[in-house]
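Taking it in order: structure first as structure tokens, then the write-up.
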Amino acid sequence: MKNFKILVFALFLCISSLSYAAKVDTLQIASTAMGKTYKAAVVLPNTYAKSKTAFPVMYLLHGAYGHFSDWLKNTPNKKLVQNLSDQYNLIIVMPEGETFSFYLDSPVNKESQFETFITKEVIQKVDQTYKTISNRTGRVITGLSMGGHGALYLSTRHPDLFCAAGSMSGAVDMSTMLNRDSSAQVVKLMQPVFGDKSGSTEMYEQHAVLGMLDKIKVNKLPLIIDCGVDDFLIEPNRELHRRMVYNKIEHDYTERPGAHTWDYWENSLPYHALFFNKILLKNQLVTKK
């Protein structure tokens, strides 16, 4: 009888945890800029349904060759994002960025306008659909690889939208891609963004985070940046760190064991969530005064 009661209690706890676990929505977002409709995954914390208060939002960008659902299906722990949403009472939005958009507005292709998509259409749709803190004090952004570039690029160009930003294994100098064995493939994949100039180092450098230090310094956004020591993008990230130190730009920079892998990013994301949580909590306390 005692064992039966223990079993029933354990089953109750299991059902309770499932009932109150973070919820995952798939949101359809129409893009007027590109004339298409894209999907975004939205994770709502377990407190969301019964709460009347507005929630902060973390935008979490995927990498090259990927899509909006990557963070939900590719981490070794398939509940990583949901657990962080619950832990920090945070809405986490994972928008579509296509395989090689780099979250830029293409100067040559009207069907690849992902800066406009994220900063105007995605944020607006999310704020209209959910109970969000719909201003910069409750909004942060980060991502991996191409998404790391995107998070730093978008937050630098739109400091009115975000109160902090991060990058995991970020492609902060996109021209690095042209130095790899797969450079011909990179040129082909980037043609929808840069057209005939997709093989031009100068074009990549014009849009690289490495070239945005003056704007980053003026904005003074809290930044968290990390990269694995065995990652092929470690040197550009080290260079970004060196330039930020030289320019006296405050930032949190870390190198950890690891390469360009989901094992590394699964380990990295909780650090970003913790970093952002401190800023978001401080902002909410200031707002309430």
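All residue numbers for the sequence shown refer to my numbering, where the first residue is -2 and numbers rise by one.
Glycine is no exception: its CB is placed at the ideal position from the N, C-alpha and C atoms.
First and last residue of the uninterrupted beta strand (DSSP E) at residue i
| i | result |
| --- | --- |
| G145 | It is not in any beta strand (DSSP E) - G145 instead sits in the alpha helix (DSSP H) that spans 143 to 154. |
| E252 | 249 to 253 |
| G163 | 161 to 165 |
Cβ shell of residue i (< 8 Å), same chain only, five flanking positions each side left out
| i | result |
| --- | --- |
| K279 | none |
| C160 | R133, T134, G135, R136, V137, L218, P219, I276, L277, N280 |
| A73 | It should be noted that the sequence gives Pro, not Ala, for residue 73. The residues are W259, D260, E263. |
| P254 | G225, V226, D227 |
Delimiting residues of the alpha helix (DSSP H) encompassing residue i
| i | result |
| --- | --- |
| Q203 | 198 to 203 |
| R133 | No alpha helix (DSSP H) holds R133; DSSP gives it neither H nor E. |
| S180 | 180 to 191 |
| I221 | Note, I221: premise wrong, no alpha helix (DSSP H); beta strand (DSSP E) at 220 to 225. |
| M241 | 231 to 243 |
| N216 | 210 to 216 |
Own chain residues within Cβ distance below 6 Å of residue i, not counting five before or after
| i | result |
| --- | --- |
| S287 | For the chain, the structure presents residues -2 to 286; residue 287 sits outside this window and is missing. |
| Y56 | V90, I138 |
| L15 | Confidence is the limiting factor: at L15 the pLDDT is only 46, short of 50, which leaves the residue's position unreliable, though a coordinate-based value still follows. Nothing meets the Cβ criterion. |
| D228 | S166, A256, H257 |
| D83 | A19, P42, N43 |
| A270 | L81, Y85 |
| I287 | There is no way to answer for residue 287, as the model of the chain reaches only from -2 to 286. |
| K122 | I26 |
| N71 | W259 |
Cβ-Cβ distance between residue i and residue j below 8 Å
| i | j | result |
| --- | --- | --- |
| V21 | N106 | no |
| G192 | S164 | no |
| L288 | I88 | Shown here, the chain extends from -2 to 286; a query on residue 288 therefore has no answer. |
| G147 | Y85 | no |
| E112 | D102 | yes |
| L237 | I222 | yes |
| S142 | A61 | yes |
| L149 | V206 | yes |
| F97 | M209 | no |
| E93 | H64 | yes |
| L24 | K33 | no |
| L230 | T198 | no |
CB contact check: residue i to chain B, cutoff 8 Å
| i | result |
| --- | --- |
| G94 | Absent from the structure: chain B. Only one protein chain is present. |
### Query
Should the region 210 to 218 be regarded as contacting the region 149 to 167, the criterion being three or more beta carbon pairs within less than 8 Å?
yes
### Message
With a threshold of 8 Å, are at least 3 pairs of Cβ atoms found where one atom belongs to the region 111 to 128 and the other to the region 21 to 32?
### Response
yes
### Message
Taking contact to mean 3 or more Cβ pairs, one atom from each stretch, closer than 8 Å, check whether the region 161 to 175 and the region 194 to 209 are in contact.
### Response
yes
### Inside the region 91 to 129 only - alpha helix (DSSP H) runs reaching at least 4 residues
120 to 126
### Task
Within the region 26 to 98, note down every full alpha helix (DSSP H) run reaching 4 residues or more, in order along the chain.
67 to 70, 77 to 85
### Query
On the three-pair Cβ rule with 8 Å, is the region 259 to 269 touching the region 75 to 88?
The region 259 to 269 is in contact with the region 75 to 88.
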